[in-house]
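At position 87 of the sequence shown the residue is numbered 87 (the numbering used here), and the sequence of numbers has no breaks. Each residue gets a CB set at the ideal place from its N, CA and C atoms; glycine is no exception. Below you'll find the structure, written out as structure tokens, and then a few comments.
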Amino acid sequence: MARKDQFNARFDAALLGRLRRHAGRAGASQSALAERYIDEGLRMDEHPLIYFRTGTGGRRPALIGTRLDVWQVVETVRENGNAAPDAAGYLGVPESHVEACLAYYVAYENEIDEWIARERETADEAEASWRRRRELFA
Numbered sequence: 001m002a003r004k005d006q007f008n009a010r011f012d013a014a015l016l017g018r019l020r021r022h023a024g025r026a027g028a029s030q031s032a033l034a035e036r037y038i039d040e041g042l043r044m045d046e047h048p049l050i051y052f053r054t055g056t057g058g059r060r061p062a063l064i065g066t067r068l069d070v071w072q073v074v075e076t077v078r079e080n081g082n083a084a085p086d087a088a089g090y091l092g093v094p095e096s097h098v099e100a101c102l103a104y105y106v107a108y109e110n111e112i113d114e115w116i117a118r119e120r121e122t123a124d125e126a127e128a129s130w131r132r133r134r135e136l137f138a
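This is the structure we're talking about:
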């Protein structure tokens, strides 16, 4: 676990109230939620075409204006011989968007590789289940 340092800041009372309520609904501590928002905000400032969304697998970075996750774009580039223009054409997005995902990958490689590994595992499990159903009900 990463070392945690304390940080003190003053915020508008209404903002803190919203944070408190949202943390309660999310089942998270105010500190954890504030840390997530700051981290994601900094990442979005550093990578303007990336945003974060919540899904069944948790919160993940995605390409703005699309339903594509960064890990999906990275995998598509790999499947297209590491050619960003080919991946952009296949995905139907500008090459600059693919490059934005690759820049994010360079900055957060381990995180994206973990997403890729989880998604591959989930796909393998789904395929195994499908094959087993075919055997049983064929």
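Quiz item: Got a sec: does the ligand PLP put a non-hydrogen atom nearer than 7 Å to the Cβ of residue 31?
Solution: Summarising the ligand content, the structure contains no ligands, and the ligand PLP is consequently not present.
Practice problem: Name the residue from 17, 43, 127 whose alpha carbon lies nearest to the alpha carbon of residue 63. | Solution: Residue numbering aside, residue 63 sits at position 63 when the sequence shown is read from its first letter. The candidate whose alpha carbon is nearest that of residue 63 is 43.
Quiz item: For residue 75, which residues of its own chain have a beta-carbon under 7 Å away from its beta-carbon, when the five flanking residues on both sides are left out?
Solution: Within the sequence shown, numbered from 1, the residue matching residue 75 stands at position 75. Same-chain partners within the cutoff: 116.
Exercise. Throw me the rounded Cβ distance for the residue 102 and residue 84 pair, which I believe falls under 8 Å.
Key: Here residue 102 refers to the residue found at position 102 of the sequence shown. Here residue 84 refers to the residue found at position 84 of the sequence shown. Their Cβ separation, rounded to whole angstroms, is 7 Å, which keeps residue 102 and residue 84 in contact under 8 Å.
Practice problem: Could you tell me whether the Cβ atoms of residue 100 and residue 47 are closer together than 8 Å? | Solution: One-based indexing of the sequence shown puts residue 100 at position 100. One-based indexing of the sequence shown puts residue 47 at position 47. Their beta carbons are under 8 Å apart, which means residue 100 touches residue 47 by this criterion.
Quiz item: Between 114, 137, 135, 126, which lies nearest to residue 61 when the distance is taken from Cα to Cα?
Solution: Translated into the one-based positions of the sequence shown, residue 61 becomes position 61. Ranking 114, 137, 135, 126 by Cα distance to residue 61 puts 114 first.
Quiz item: Looking at the unbroken beta strand (DSSP E) that takes in residue 108, where does it start and where does it end?
Solution: If you number the sequence shown from 1, residue 108 lands on position 108. First-last for residue 108: undefined, no H or E at that position.
Self-check item: Reference residue 104; option with closest CA among 13, 129, 135, 70
Solution: The count along the sequence shown starts at 1 and reaches residue 104 at position 104. Residue 70 is the option with its Cα nearest to residue 104.
Self-check item: Distance, residue 54 Cα to residue 36 Cα
Solution: Working through the sequence shown from its first residue, we reach residue 36 at position 36. Working through the sequence shown from its first residue, we reach residue 54 at position 54. So the two alpha carbons sit approximately 12 Å from each other.
Quiz item: Buried or exposed: where does residue 38 fall if 16 or more other Cβ atoms within 10 Å of its Cβ makes it buried?
Solution: Position 38 of the sequence shown, counted from the first residue, corresponds to residue 38. Exposed.
Exercise. Figure out for me which residue from 112, 81, 77 has the closest Cα to the Cα of residue 96.
Key: For the purposes of this step, residue 96 is identified with residue 96 of the sequence shown, where counting begins at 1. Ranking the options by Cα distance to residue 96, first place goes to 77.
Quiz item: So residue 73 packs on residue 91, CB below 8 Å; how close in whole Å?
Solution: What you label residue 73 is simply residue 73 of the sequence shown in a count that begins at 1. What you label residue 91 is simply residue 91 of the sequence shown in a count that begins at 1. Contact holds; Cβ gap of about 7 Å.
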